[in-house]
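Chain order of the listed sequences is W and R.
Numbers 1 to 165, taken from this note's numbering, label the letters of the first sequence in order.
Numbers 1 to 348, taken from this note's numbering, label the letters of the second sequence in order.
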Amino acid sequence: MRSHAIAVVLLALALLSGPAHADKMLMTRVPMKADIAIEYLKSAIEEYGYAVAHVQMCDSGMKGFGLESDVYRVVFFGKIDEVRRIVAKHPGFAAYLPLKIAVVAERGETVMSAVNPRTFDAYYPKDREMKIQFGRWRNDILDIFDEVYRAAGGKVARRLPSNTP
Amino acid sequence: MKTTQLLLAGLSLFIAGQALALPDGRALYIQNCNACHQFQGAGGIGLPLNAAKFRDYSDDYLFKTIRNGRPGRIMPAFQEMSDAQVKAIVTFLRKRTDTKPRAYDPSALAGDPTHGRKLFEKHCQRCHGADGQGRGEGTGVTLSRKRAFLVMPPAIANPGFQAAASDRLIQQVIRVGRPQSGMPSFARLGLKDQDTADLVAWIRKLGKRVAKRPRIAPDEPPSHVVESPYDFDTTVANVKQALVGANFRIFPDRYLEQGLTDEFSVNQRQIGIRFCNFNKLYDMLKIEPRLGVVLPCRITIMERANGKVLLVVPNLKVVASWFNNDQLLALWKRMEDTFNDIIDEVTL
């Protein structure tokens, strides 16, 4: 009975925890012009307790080369204590800090993308704290995306199991 | 024992609940597909998903396309979804396009690949590429850049497409074309059913020729950390000099913590040297519009508590693997070499 029970529990956990190759990229499209969307994005980021470190403009420098998007920006954000704690322990992770979200205008809409922080899980298999951190960042980014989507008048459904591996 | 049983009961209830709740196809589409395909199906990084083409597709084709994605062509494989969730998306797309699935005889077509090849070279190659991997830079109808095509011709040799599409579905697409996207109807141009069957035979051959995708070694670290033999300020100066020498434009320095805390508390011994080569960057953005998630290029220099000075750079091999975009990999190699050269030059 006991080993049987453990097997069921293990199976259930395997089913619920999703595959090893979950999405490497988090993305959303909001039906809203990019210059407005980016303002909503910044305030949502702050609402979730992060500071917006700065916004990098890529559009102006690239116009001359044929970029046609009127907005191509990267928003950098983070929490100082998280950044300090992680860089002290894993200096190599500084390459990916602060976190960032790319914002691109497409017609009257806006596409936002970020690397799924859980992509990094595999690189810190022994560090539980990092695993928890990556999961929290991922959830926050998805919630921030939903927030902007809602601001654009979209109805946000409860996230479904496929999105919570 | 009691607790195990309780746990079991709870888990089975939870799983049953998950399985019973009918998945919401519209919500799933918005969360998983909308960013690339757009809500009305106009397309973006992904292809248009419109009524005209949905009339030619079987639900089986749509189901398998979602499940398998297009390996190396940006579209991810949605393997974590349940069958019910994938079906819910298909149902939603049927409703939105107001179309009915087309049924196909699943048996293979008998075609002559040698003749098919001749026809392919004459009619298809200029858009889909001699190897069937798609021509031009990038995918879909991404609007943020100049494009050689109205819609970037998809990779029809791609294993994702090959596994999803039956012979007769492919034949139907060739017959009717995709006039809205620039692909003509080849039935109108005079190709007979035997010609299109021959084309299918050749397209299947192209599918078998696709090379296995490179896999990165599991022990590749996400970033490289190199100790500098020089002090902090000298290291910063050396990095800048090397970047200028390699024709990069350097942005103003930023401390790693800048903007996250007040200017008096910022650690000034952690600095990011940001640089860019707009020309190369633009080439890459045409192929991968999401590249911004790893921009701009940055070398981070930090002095540790023990006085050591470290250079930190992302491992571009690992970064490239996140995009599921094989076109990007070729350009990326050059970037990787430049990064490595600079680190070598600076730490010599």
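Each residue gets a CB set at the ideal place from its N, CA and C atoms; glycine is no exception.
On a predicted model such as this, the values are computed, not experimentally measured, just so you know.
Span of the beta strand (DSSP E) holding residue i?
i	result
Ala102 of chain W	Leu99 to Glu106
Ser43 of chain W	That residue, Ser43 of chain W, is in no beta strand (DSSP E); its alpha helix (DSSP H) goes Ala34 to Glu47.
Pro114 of chain W	The question names Pro, yet the displayed sequence has Ala at residue 114 of chain W. Taken as a continuous stretch (DSSP letters only), the beta strand (DSSP E) holding Ala114 of chain W covers Glu109 to Val115.
Phe77 of chain W	Tyr72 to Gly78
Val293 of chain R	Neither: Val293 of chain R is in no beta strand (DSSP E) and is coded neither H nor E.
Ser228 of chain R	Ser223 to Ser228
Residue i by DSSP, collapsed to three states: which one?
i	result
Leu311 of chain R	strand
Met302 of chain R	strand
Tyr123 of chain W	helix
His128 of chain R	helix
His54 of chain W	strand
Tyr282 of chain R	helix
Gln268 of chain R	coil
Ile156 of chain R	coil
Thr99 of chain R	coil
Phe251 of chain R	coil
His123 of chain R	helix
Glu80 of chain R	coil
Cys33 of chain R	coil
Gln180 of chain R	helix
Leu26 of chain W	strand
Thr139 of chain R	coil
Val346 of chain R	helix
Phe186 of chain R	coil
Arg274 of chain R	strand
Val151 of chain R	coil
Arg334 of chain R	helix
Asn68 of chain R	helix
Arg73 of chain R	strand
Gln171 of chain R	helix
Asn340 of chain R	helix
Gln258 of chain R	strand
His21 of chain W	Because the pLDDT at His21 of chain W is just 39, under 50, the model does not fix this residue reliably, and the value given afterwards should be weighed accordingly. If DSSP states are grouped into helix, strand and coil, His21 of chain W belongs with coil.
With a threshold of 16 other CB atoms inside 10 Å of the CB of residue i, please say whether the residue is buried or exposed.
i	result
Phe93 of chain W	buried
Tyr72 of chain W	buried
Arg213 of chain R	exposed
Leu206 of chain R	buried
Lys208 of chain R	exposed
Met57 of chain W	exposed
Pro76 of chain R	buried
Val87 of chain W	buried
Arg353 of chain R	Here chain R has residues from 1 to 348 only, and residue 353 of chain R is not among them.
Asp414 of chain R	Limits of chain R in this structure are 1 at one end and 348 at the other, which puts residue 414 of chain R out of reach.
Lys89 of chain W	exposed
Asp355 of chain R	Past the edges of chain R, shown from 1 to 348, lies residue 355 of chain R, and the structure says nothing about it.
Phe92 of chain R	buried
Val244 of chain R	exposed
Phe264 of chain R	exposed
Leu352 of chain R	An answer regarding residue 352 of chain R cannot be provided, because it is not within the stretch 1 to 348 covered by chain R.
Ala305 of chain R	exposed
Asp146 of chain W	buried
Arg334 of chain R	exposed
Ile216 of chain R	exposed
Pro125 of chain W	exposed
Pro179 of chain R	exposed
How far does the alpha helix (DSSP H) with residue i in it reach, from first residue to last?
i	result
Val200 of chain R	Asp193 to Arg209
Pro319 of chain R	Correcting the residue type first, residue 319 of chain R is Val in the shown sequence and not Pro. Taken as a continuous stretch (DSSP letters only), the alpha helix (DSSP H) holding Val319 of chain R covers Leu316 to Ala320.
Val244 of chain R	Phe232 to Gly245
Val148 of chain W	Arg128 to Ala151
Ala52 of chain R	Ala51 to Phe54
Check whether the Cβ of residue i lies closer than 8 Å to any Cβ atom in chain A.
i	result
Tyr40 of chain W	No chain A appears in this structure, whose protein chains are W and R.
Check whether the stretch 54-73 of chain R touches the stretch 152-171 of chain R, counting contact only when three or more Cβ pairs, one atom from each stretch, lie closer than 8 Å. Yes, since at least three Cβ pairs between the stretch 54-73 of chain R and the stretch 152-171 of chain R fall closer than 8 Å, the two stretches touch.
Please identify, using Cβ separations under 9 Å, the residues of the stretch 312-324 of chain R that lie next to chain W, in order along the chain. Val312, Val313, Pro314, Asn315, Val318, Val319, Ser321, Trp322, Phe323 and Asn324
Counting pairs of Cβ atoms below 8 Å between the stretch 31-51 of chain W and the stretch 73-86 of chain W, do you hit three or more? yes
Is the stretch 223-237 of chain R close to the stretch 307-314 of chain R, with three or more CB pairs under 8 Å? yes
Closer than 7 Å between beta carbons: that is the criterion. Which residues of the stretch 114-148 of chain W meet it against chain R? Ala114, Val115, Thr119, Phe120 and Tyr123
Select from the stretch 214-230 of chain R all residues with a C-beta closer than 7 Å to any C-beta belonging to chain W, and list them in chain order. Pro221, Pro222, Ser223 and Val225
Should the stretch 324-337 of chain R be called in touch with the stretch 103-122 of chain W, which here means at least 3 C-beta pairs below 8 Å? no
Say whether the stretch 116-130 of chain R touches the stretch 190-206 of chain R, bearing in mind that this needs 3 or more beta-carbon pairs closer than 8 Å, one atom from each stretch. yes
Three or more beta-carbon pairs under 8 Å between the stretch 24-34 of chain R and the stretch 86-94 of chain R, yes or no? yes
Take every Cβ of the stretch 279-292 of chain R, pair it with every Cβ of the stretch 181-194 of chain R, and state whether three or more of those distances are shorter than 8 Å. Using a C-beta cut-off of 8 Å, the stretch 279-292 of chain R makes no contact with the stretch 181-194 of chain R, since fewer than three inter-stretch Cβ pairs fall below that distance.
Can you pull out the residues from the stretch 278-290 of chain R whose beta carbon lies closer than 9 Å to at least one beta carbon of chain W? Phe278, Asn279, Leu281, Tyr282, Asp283, Leu285, Lys286, Pro289 and Arg290
Whether or not the stretch 65-74 of chain R and the stretch 171-183 of chain R are in contact is what I'm after, with contact meaning three or more pairs of Cβ atoms, one per stretch, closer than 8 Å; do they touch? Between the stretch 171-183 of chain R and the stretch 65-74 of chain R, the count of C-beta pairs closer than 8 Å stays below three; the two stretches do not touch.
Is the stretch 250-266 of chain R in contact with the stretch 99-117 of chain R, if contact means three or more CB pairs nearer than 8 Å? no
Chain-ordered residues of the stretch 24-35 of chain R with a beta carbon less than 9 Å from chain W: Asp24, Arg26, Ala27, Leu28, Ile30, Gln31, Asn32, Asn34 and Ala35
For the stretch 137-151 of chain W and the stretch 33-46 of chain W, state whether three or more C-beta atom pairs, one from each stretch, are separated by less than 8 Å. The answer is yes - the stretch 33-46 of chain W touches the stretch 137-151 of chain W, with three or more Cβ pairs under 8 Å.
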